[in-house]
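Participant:
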Amino acid sequence: MTETQKTGVIFGLANKRSIAWAIAQKLHQAGWRLAITYQNDRMEQEARDLITDLPGAAGFMCDVSSDDQIARLFDELKTRYGLLNGIVHSVAFAPAEELKGEFVNTTREGFRIAHDISVYSLVAVARAAAPLMTAGGGIVTLTYYGAEKVVPKYNVMGVAKAALEASVRYLANDLGPKNIRVNAISAGPIKTLAARGISGLGDMLKAHAERAPLKRNVDPGEVGGTAAFLLSEAGSGITGETIYVDCGYNIMGF
Ligand code: NAD
Ligand code: 0WE
271 MTETQKTGVI FGLANKRSIA WAIAQKLHQA GWRLAITYQN DRMEQEARDL
321 ITDLPGAAGF MCDVSSDDQI ARLFDELKTR YGLLNGIVHS VAFAPAEELK
371 GEFVNTTREG FRIAHDISVY SLVAVARAAA PLMTAGGGIV TLTYYGAEKV
421 VPKYNVMGVA KAALEASVRY LANDLGPKNI RVNAISAGPI KTLAARGISG
471 LGDMLKAHAE RAPLKRNVDP GEVGGTAAFL LSEAGSGITG ETIYVDCGYN
521 IMGF
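Position in the sequence shown (first residue = 1) + 270 = our numbering.
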């Protein structure tokens, strides 16, 4: 197994509800060797307890707002693994105040932070990873419908996700010649840490389940399965895309 085993790096594990964790489990089941990153020492214990459950997986700290930490992480990954086949970017952040009132009140600093953490980090990670992806590979990020239609209170995150989806296309063009594919998964709403603070999330989940063709909400395992598909040979012809894993919600006009 070892000589054909693929190695992947997953950014954005906070707890067992994280989409990153659902993706880690599916990739692990598919035979991948995993490096999993968490943001800081506050998240370390919970992340490490989970990572221990996946034999062969290793945990690393990386705050993606720091060029230094990204450089050090990839130095370490290069020493440890040499070659990388897949990257999962499951990171987003905007200051809490920005997800409360109206978008028109977005501050300069809130706009900057949202784009730095949620968008630029993908570009930085892709650039650092590409030299280690010498056999080609895949990069997957997570987006949300608020990128293309107004979702009240998603505000600057919607604008950041639009920039993220555009970044996926530009990265796909740059990295395609190296046989590195870059795609986004647009997931329906899921009750994770990043969603739990949102007032009215319960109502949103209910409305989503009522309007979606599948008449239910998406399961994080379904997002994980799609990430594993995109990073597998089965996804070899797909790049620059945003794939919806939302029980069909986005296709409805009314
Ligand atoms: P989560 O809170 O479990 O994951 C978000 C992660 O981002 C956390 O692990 C957090 O530590 C990390 N993060 C934030 N700032 C960081 C930084 N500076 N450096 C490194 N890591 C940082 O929540 P989630 O719902 O699993 O979110 C994962 C991704 O999925 C995000 O991009 C989110 O926008 C996207 N998404 C979520 C939903 C949803 O409804 N939950 C729907 C569609 C897309
Ligand atoms: O991308 C997200 C959430 C991203 C997020 C969440 C938080 C909460 C805590 C980014 N930054 C922060 N900052 C914090 O301080 N989702 C797709 C989930 C989500 O968030 C919403 C949603 C949905 C869905 C916010 C408003 C409306 C809907």
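From the three backbone atoms N, C-alpha and C, an ideal C-beta is built for every residue, glycine too.
Only a predicted model underlies this, so the values are computations on that prediction, with no experimental measurement involved.
Using the three-state DSSP reduction, which class does R451 fall into: helix, strand or coil?
Facilitator: strand
Participant: Can you tell me whether T274 is buried or exposed, with buried defined as 16 or more other CB within 10 angstroms of its CB?
Facilitator: exposed
Participant: By DSSP, does G495 sit in helix, in strand, or in coil?
Facilitator: helix
Participant: The alpha helix (DSSP H) spanning V426 covers which residue range?
Facilitator: N425 to L445 is the extent of the alpha helix (DSSP H) around V426.
Participant: Going along the chain, which unbroken runs of the alpha helix (DSSP H) with 4 or more residues stay wholly within the stretch 313-385?
Facilitator: 337-351 and 378-385
Participant: Would the beta-carbon of I340 fall within 8 Å of that of L304?
Facilitator: no
Participant: Given that a residue counts as buried once 16 or more other Cβ atoms are within 10 Å of its Cβ, and exposed if not, what is Y424?
Facilitator: buried
Participant: Since V420 contacts E368 with CB under 8 Å, what's their CB separation in whole angstroms?
Facilitator: Here V420 is actually not in contact with E368; their C-beta atoms are around 15 Å apart, not less than 8 Å.
Participant: CB-CB under 8 Å to M225, same chain, minus the five flanking residues each way: which ones, in chain order?
Facilitator: In this structure the chain extends from 271 to 524, so residue 225 is not present and cannot be described.
Participant: Can you name the residues that DSSP bridges to L304?
Facilitator: Partner(s): G278.
Participant: Report yes if the C-beta of Y424 is less than 7 Å from at least one heavy atom of the ligand NAD; otherwise report no.
Facilitator: no
Participant: Please go through the same chain and pick out, in chain order, the residues whose beta-carbon is closer than 7 Å to the beta-carbon of L324, but skip the five residues on each side of it.
Facilitator: Excluding sequence neighbours, L324 sits near A294, H298 and L304.
Participant: Kindly indicate which residue of S336, M313, L283 and A398 has the alpha-carbon position closest to the one of I409.
Facilitator: A398
Participant: Pull up the distance between the alpha-carbon of A430 and that of I455, whole angstroms please.
Facilitator: Looking at the two C-alpha atoms, the distance is approximately 15 Å.
Participant: Pick helix, strand or coil for V420, following the three-state DSSP scheme.
Facilitator: DSSP places V420 outside both helix and strand once states are collapsed to three, so it counts as coil.
Participant: Tell me whether A364, by its Cβ, gets closer than 7 Å to a heavy atom of the ligand 0WE.
Facilitator: yes
Participant: Looking only at DSSP bridge pairs, what is L412 linked to?
Facilitator: I455
Participant: Is the closest heavy atom of the ligand NAD to the C-beta of P401 under 7 Å?
Facilitator: no
Participant: Indicate the three-state DSSP secondary structure (helix, strand or coil) for V232 in the structure shown.
Facilitator: The structure shown does not extend to residue 232, since the chain is modelled only from 271 through 524, so no value can be given for it.
Participant: When the Cα atoms are used, what is the spatial distance from L463 to K286?
Facilitator: 10 Å
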